[in-house]
Amino acid sequence: MCQNENPLLQKVYETGFALDEATLYLDTHPEDSQAMEYYQYVKRASQSAVSAYEQTYGPLMINQVEANTWTWVNDPWPWEGGN
């Protein structure tokens with residue numbers, strides 16, 4: 203990871219990858235209780251990472267916008283210096 207990369211976003215990537223891998227494993231090993239425990243663990247870690255990112259930078263995905271108005275377009279666009 204480069205020094206100028208966002209550590210919160212990196213955590214979102216890492217936990218999302220782990221969650222995807224656990225999901226794929228469980229597709230072929232649905233009775234593995236340790237894998238299910240790991241899945242639950244990385245699911246919570248992924249949710250926590252996304253939450254931490256969004257508290258700092260705003261919604262990561264459009265389906266995370268939770269407001270009475272359409273606030274998605276209120277933040278700066280990437281070409282305007284937004285994240």
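The C-terminal position of the sequence shown is numbered 285 in my numbering, with every residue numbered one higher than the one before it. Ideal Cβ placement from N, Cα and C applies to all residues, glycine included. Since we're looking at a predicted model, the values are computed, not measured.
8 Å contact criterion, which residue i and residue j should meet: CB distance rounded
{"i": "residue 269", "j": "residue 244", "result": "Actually they are not in contact, since the Cβ atoms of residue 269 and residue 244 sit about 29 Å apart, beyond 8 Å."}
{"i": "residue 237", "j": "residue 228", "result": "6 Å"}
Reduced DSSP secondary structure (H/G/I, E/B, other) of residue i
{"i": "residue 209", "result": "helix"}
Selected residue, minimal CA-CA separation from residue i, among the options
{"i": "residue 241", "options": "254, 223, 257", "result": "223"}
{"i": "residue 290", "options": "277, 272, 234", "result": "Here the chain comprises residues numbered 203 to 285, so residue 290 is not present and cannot be evaluated."}
{"i": "residue 209", "options": "256, 230, 233, 234", "result": "256"}
Requested in this report: Report yes or no: do three or more beta-carbon pairs, one from the region 246-263 and one from the region 212-221, lie closer than 8 Å?
Outcome: yes
Requested in this report: Within the region 208-283, note down every full alpha helix (DSSP H) run reaching 4 residues or more, in order along the chain.
Outcome: 209-230, 235-259
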